[in-house]
Each structure stands twice: as structure tokens, then as C-alpha cells.
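Structure, as C-alpha cells:
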Amino acid sequence: MGWHFRRLLAEEEAERRYPDRVLIAKLIKLALSYRLYFIALAVATFARIGLNVLLPYTVKFLVDSVVSGNLSSLAYWSTVFLGLALGSLIMGFVNSYSSSYLGNKVMYDLRNKMYRHLHRVKLQEVAGEPVGKIVSRITNDVDTIGNVATSGLLDTVGDVITIGGAMFMMWSLSPQLSLVCYMLIPLMVLANIFVISKARRAYRETRKKIAEVTSRISQDVAGASVVQAFSYRKRKNVEEFRRINEENMRANVQAAAITSSMSPLMAIIQAIGSAIILVYGGNLVLQGLLSLGTLMAFYGYLDMFFRPVRTLVMFFTTLQSTLAATERVFTFLEWEPERDEGEIEEPPKLGEVEFRNVTFGYEKGVPVLKGVSFRVRPGEFVAIVGPTGAGKTTLVNLLLRFYEPWSGEILIDGVDVRRYKLSALRSAILMVPQEPLLISGTVLDNILLANPKATAKDVKRALRALGLEDLIETLPEGLETRVLEGGKNLSVGQRQVISFLRVFIANPKILVLDEATSSVDPYTEAKLQAALEKLARSRTTIVIAHRLQTVVNADRIIVLDGGRVVEEGRHEELLKKGGVYARLYGIQLGVAAR
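Take any residue in the sequence shown, count from 1 to its spot, add 49: that is its number in my numbering.
Here it is as C-alpha cells:
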């Protein structure tokens with residue numbers, strides 16, 4: 050049994066990043082960071098334990114007073130018993146309230162810390178994780194460790210003290226009966242090892258399965274409109290979710306069965322111990338070697354001896370899921386944040402962009418960009434085109450320093466981007482994606498994200514300047530229209546109007562667009578294209594283009610293929626070359642004609 054338990058521990062520690070002792074140390078450190086709250090809780094806990102340990106001992110004097118007919122002694126010990134019981138109840142209330150408050154305080158602070166950290170970590174740390182798993186860490190895992198990190202650890206120490214106090218009082222009452230109880234300890238230890246060894250795997254599996262369920266729900270909610278449109282995919286999703294959910298149910302049922310088995314197992318051991326004590330102790334009473342009060346007091350300590358053992362076993366079985374959750378939470382907090390080592394606090398003034406022999410990949414040994422070099426002059430309108438997977442979006446990620454190149458340099462106004470403070474760099478660049486970020490609030494609130502100092506008058510002036518008033522006026526309450534989650538109550542064109550207005554009020558030196566005028570009707574596209582031309586006049590503009598017809602008027606077109614710059618020039622020049630651009634343009638033109 051011991052070999053099996055050690056082997057299981059070794060297997061789990063090999064799978065996990067931290068051994069148990071390190072994770073427990075992290076939990077203790079977390080609890081001690083709330084020192085004053087923790088001390089108050091500890092005082093209430095240990096006061097309650099001390100009063101509880103004294104209670105059964107008074108029973109000895111109460112019963113012996115009844116047997117001897119000593120009424121004055123009976124009255125005295127009854128008063129003592131009542132005082133101890135009331136004190137224990139009061140301390141129990143203080144302990145329960147303090148525990149609840151401290152547990153919720155830890156969860157509140159930990160979630161805030163994780164949420165702040167989420168906004169500072171490198172993009173590659175988040176990119177490899179399913180959304181559902183990240184959400185599960187900030188919600189479910191924090192719930193799991195919140196109470197254990199405070200009252201759970203303290204209650205565990207309290208249970209150990211309770212067992213020690215009970216054993217001491219039992220020995221002081223009757224060494225013979227105490228030895229009988231102590232003989233049951235090896236049996237309880239073996240039972241504990243058996244249950245814990247089974248529970249470790251079971252709880253680890255439950256956390257995996259609930260993360261899969263959460264991730265699947267997040268994925269399907271995000272793509273609800275697409276799923277609804279394809280009846281086959283909808284049926285397939287339902288079948289797949291039923292399978293995942295069933296696996297989650299089975300894992301939880303199995304874990305519950307293992308955990309639940311401990312109570313009856315310990316109850317059987319306690320029943321055996323109680324029966325032996327009553328028979329053996331009763332015999333000692335009949336022989337006059339033990340008073341009836343001593344036997345009754347000793348019997349009262351039996352529950353105080355066995356109950357904390359059951360509680361400790363339950364704690365250590367659930368501790369396995371807690372340690373797994375602890376590792377996920379602290380691993381999340383150890384995700385590498387973005388390094389902001391730049392010394393230049395002023396944003397770039399001109400907007401010149403240059404890539405010098407840049408090589409980069411998302412996976413080690415698999416480059417996406419291979420020695421890419423090009424320069425965008427201040428105020429120039431440049432389109433970057435190429436087949437899917439050529440590395441177009443990667444250029445933008447590197448420009449904004451979401452990732453760092455393996456080799457080469459990226460410069461703005463002749464200065465390496467790493468020398469700029471991140472806030473200065475990103476204030477000079479505004480990215481307009483195909484699907485803009487929308488928050489809960491009004492249309493105006495969403496526009497002002499780009500410049501909180503701007504006003505509604507500034508936004509209305511921007512609408513007129515860009516000729517986009519009619520696309521907003523169709524909304525029920527205009528700029529004050531509430532935006533539903535994900536902008537579901539806005540058209541694609543209206544969502545892009547918000548992006549264009551952000552550009553106008555933020556006035557960045559460099560504008561980057563990822564096919565921002567795609568997926569709209571011809572009328573809206575014409576309006577947005579005209580607005581884009583106005584926005585591009587006073588700044589450097591880089592367009593990641595998938596539909597080549599939208600960039601035929603660009604000052605210059607850079608063609609990527611296989612991670613390299615293969616062509617560069619104006620639309621007419623590239624068509625004459627008959628290279629990659631001409632082939633892509635011909636394919637798209639043929640598709641459009643059909």
C-alpha cells in the first residue's frame with residue numbers, strides 16, 4: 050500500500066510543475082498575507098477548540114456528583130458546563146463569520162490580481178490557452194482555493210490540536226482505555242492512505258472535465274450564429290457536448306463515491322472502537338477500578354478523537370483538487386508579463402515604419418517570416434497582401450510588440466521599437482481589426498475608448514467629417530444606443546464605423562487596418578472606403594488586404610509569400626510583372642466575375 054501511494058505521488062508530481070509541499074507553502078503564504086485577519090480567525094478557532102476540549106471533562110464531575118448525590122457539586126459543575134457550552138457557541142459564530150469573510154476577501158483580491166495580470170501578460174502566453182480554461186482558472190479555481198487557503202488550513206491545524214488535546218485528556222482519565230484507542234490509529238492511517246490515493250486521480254480528472262465543458266460552452270456561445278446556420282454542425286455540437294458533459298458527470302460521480310466512502314469507513318472504525326471501550330470500560334466500572342463519570346467523560350472524548358480524523362481525511366481528499374487548482378492559478382500568475390524596458394516616453398512623431406531583415410515564428414524552429422525587409426514612408430498608404438499563411442498579420446503583431454522577432458530590427462522614425470515605452474509606442478499606432486472590440490455600454494462609450502478626453506461633440510464632428518452620419522442615425526437612440534454583448538444589435542458596418550471614429554478622435558500617427566471594409570454591403574463599403582481615404586491623408590496607413598480590389602489605389606503594395614517579400618510596387622506595375630500578385634488578382638477577379 051505504501052509503495053503504491055509513493056508511486057502515485059511520483060506520477061502526479063511528474064505531471065505537475067510543482068510538488069505538493071511547494072503548493073502547500075504557496076497556500077500558507079497566501080493566507081499569511083492577510084496576517085491581521087488570520088490572527089483574529091486563529092484566536093476564535095483556538096478559543097473554540099479549547100472550550101470544546103474541556104466540555105467532556107466536566108461530564109466526569111457531573112455524573113460522579115449524581116452518583117454520589119452531591120447536589121452542590123452538581124450545581125457547580127452544571128454551571129461550568131453551561132458556561133463552557135455558551136462560550137463555545139459564541140466562539141463558533143465568530144469563527145464561522147471570520148472564516149467566511151476572510152475566504153471571500155481572498156477570492157476577491159485573487160480574482161482582481163489575476164484579471165490585472167491578464168491584461169499585462171505576453172500575447173503568446175494567452176494565445177495557446179482555450180478561453181474556457183482561462184475563465185475557469187479565474188472563477189472555479191479561485192473558488193476552490195479561497196476557503197482552503199484560509200479557514201481550511203487553520204481548521205486542519207485546529208483538528209490536529211483537537212486530536213492532541215483529546216488524546217491528552219483521555220490519557221489523564223484512563224491510560225488503559227487510551228491504549229485501546231491508540232491501537233486503532235494504524236487502521237485509520239491505512240484507510241486514509243487508501244482513500245487519498247484514489248481521490249488524487251479522481252479530483253484531477255474532474256477539474257480537467259469541467260474545464261473542457263467550460264471551454265466548449267464558451268466556444269459555442271461565441272459562434273452561436275454560425276452553429277445555428279448549419280443544422281448538421283448544431284447536431285454534431287450537441288452530440289459532442291453531451292459526450293463531454295457525460296464524461297464530466299462520470300468523473301464527478303466517481304470522485305464523490307471515493308470521497309463519500311471515507312465517512313462510513315471511519316464510522317465503522319469508530320463504532321468498533323466505541324464498542325470495545327464500552328465493554329472494556331464497563332467491566333472496569335463494575336470492578337470498581339473506574340468511576341462511571343470517568344467512563345462517560347472518556348466516551349465523550351471518543352467523538353472528539355475520531356471526528357477530526359474524518360474531517361482531516363475529507364480535507365486531504367479535497368486538498369488534491371485544491372492543489373491542482375492552486376497550481377493552475379499560480380502558474381497563470383507566473384505567465385511572463387510584457388517587458389517595458391524602453392526609455393523613450395514620447396510617441397513617434399513622423400510615422401515612418403521599417404522592417405530590417407526580420408525573422409520570426411510562433412513555434413521554435415518554424416519561422417513564419419524569413420528575413421523580411423521593407424520601409425513605409427511617413428504619410429504613405431501601403432497595402433500588404435499575400436496568400437493565407439504568408440505572415441501578413443504577424444507583421445502587425447511584431448509592430449505592436451505583441452511578440453519579439455527572433456532576429457532583425459523593427460524601427461519607427463529610425464528608432465528600434467524596443468526603445469519606446471510600450472504606452473508611447475501603442476499610442477502612436479491604432480489597429481482596426483475586422484471585428485472591433487466592443488464593451489457593454491453605449492455606442493458613444495465604445496467610441497471614446499480610444500480617447501477618454503474626447504466628448505460627444507468631438508464624435509459628432511468626426512461623423513460629419515467622415516460622412517458616416519447616416520450609418521449611426523439609423524440606430525434607435527443614435528450614439529446613446531446600448532450595445533449588446535459582442536455588438537449583436539449592430540450591423541457589421543455600424544461596428545466598423547465605431548472603429549473609424551476611434552481613429553479620428555485618437556489621431557494616431559500610424560493606422561493599421563485588417564481588411565476593415567470587408568463583409569459589408571456595397572453601399573456601406575463605399576461609405577467606409579471614402580472615410581478611410583480621408584483618415585489616411587494625414588497619417589501612415591498600412592492595410593492588411595485579403596480582397597485585392599480594395600487596395601488598387603494604394604501608394605504601394607508589398608506582396609508576401611512563404612514568409613518573404615517577393616514583390617513590391619503599385620497595382621499596375623505588379624500586374625505587368627505577372628508574378629504572385631497578378632496571379633492572386635486574377636484568381637479573385639475570376640471568382641468575382643463568376
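Positions of the beta carbon are idealized from the N, C-alpha and C atoms, including for glycine. The structure presented is a predicted model; accordingly, all values stated were derived computationally and were not measured.
Report the three-state DSSP secondary structure of Met480 (helix, strand or coil). strand
Along the chain, where does the alpha helix (DSSP H) containing Gly195 start, and where does it finish? 191-196
Whether or not the region 547-554 and the region 491-503 are in contact is what I'm after, with contact meaning three or more pairs of Cβ atoms, one per stretch, closer than 8 Å; do they touch? yes
Taking all protein chains shown into account, do 16 or more other C-beta atoms lie within 10 angstroms of the C-beta of Gln319, making it buried, or fewer, making it exposed? buried
List, from N- to C-terminal side, the beta strand (DSSP E) runs of 3 residues or more that fit wholly inside the region 469-520. 478-481
Using 10 angstroms around the beta-carbon of Ile259, count the other beta-carbons present and answer buried if the total reaches 16, otherwise exposed. buried
Identity of the residue in Phe217, Phe142, Val155, Ile73 nearest Ser82 by Cα: Val155
Cutting at 8 Å between CB atoms, please list the residues of its own chain near Ile39, excluding the five before and the five after it. Absent from the model: residue 39. The displayed extent of the chain is 50 to 643, so no value can be given.
In the DSSP output, what is Val415 paired with across the bridge? Glu412
My parser needs the alpha helix (DSSP H) runs of 4 or more residues fully inside the region 169-243; what are they? 172-176, 180-185, 191-196, 202-222, 224-231
On the three-state DSSP scale, how would you describe Phe404? strand
Whole angstroms is fine: what's the gap from Phe409's alpha carbon to Glu295's? 42 Å
For Ser456, which beta-bridge partners are listed by DSSP? Thr408
Three-state secondary structure assigned by DSSP to Ser280: Caution is warranted here: a pLDDT of 47 is assigned to Ser280, below 50, making its placement in the model unreliable, and no coordinate value can be reported.
What does a CB cutoff of less than 8 Å around Leu104 pick up in its chain, not counting 5 residues either side in sequence? Phe130, Leu133, Ala134, Ser137, Gly349
Nearest CA to the CA of Met159: which residue from Thr443, Val244, Ala198? It is Leu, not Met, that sits at residue 159 in the sequence shown. Residue Ala198 is the option with its Cα nearest to Leu159.
Would you check if there are 3 or more beta carbon pairs closer than 8 Å linking the region 118-126 to the region 180-199? no
Go ahead and label Ala373 buried or exposed: buried means 16 or more other beta carbons lie within 10 angstroms of its beta carbon, across all protein chains shown. buried
Compare the C-alpha of Lys576 against each of Ala594, Lys558, Gly542 and name the closest. Gly542
Under the rule that 16 or more other beta-carbon atoms within 10 Å means buried, what is Arg169, buried or exposed? exposed
Counted within 10 angstroms of its Cβ, other Cβ atoms place Phe347 as buried (16 or more) or exposed: buried
So what's Pro386 in DSSP terms, helix, strand or just coil? strand
The region 457-468 touching the region 505-520, judged by at least three CB pairs closer than 8 Å: no
Host alpha helix (DSSP H) of Asp69 (start-end): 69-81
So, is Leu202 buried or exposed, given that buried needs 16 or more other C-beta atoms within 10 angstroms? buried
For Ala579, which residues in the same chain have their Cβ closer than 7 Å to its Cβ, ignoring the five residues on either side in sequence? Gly516
So what does DSSP say about Phe451, is it helix, strand or coil? coil
In the DSSP assignment, the beta strand (DSSP E) including Ile318 goes from what residue to what residue? That residue, Ile318, is in no beta strand (DSSP E); its alpha helix (DSSP H) goes 311-335.
Three-pair Cβ contact test at 8 Å for the region 600-620 versus the region 420-432: yes
Which listed residue (Leu460, Leu79, Phe430) has its alpha carbon closest to that of Lys162: Leu79
Count the other CB atoms within 10 Å of the CB of Met232; is the residue buried (16 or more) or exposed (fewer)? exposed
Alpha carbon to alpha carbon, how far is Trp92 from Leu339? Note that residue 92 is Val in the sequence shown, not Trp. If I take the Cα positions, the gap works out to 36 Å.
Three-state secondary structure (DSSP) at Val601? coil
On a CA-only basis, which of Leu584, Arg186, Pro454 is nearest Tyr164? Give me that one, please. Arg186
Quick one: is Thr94 buried, meaning 16 or more other Cβ sit within 10 Å of its Cβ, or exposed? buried
Thr343, DSSP secondary structure in three states: helix
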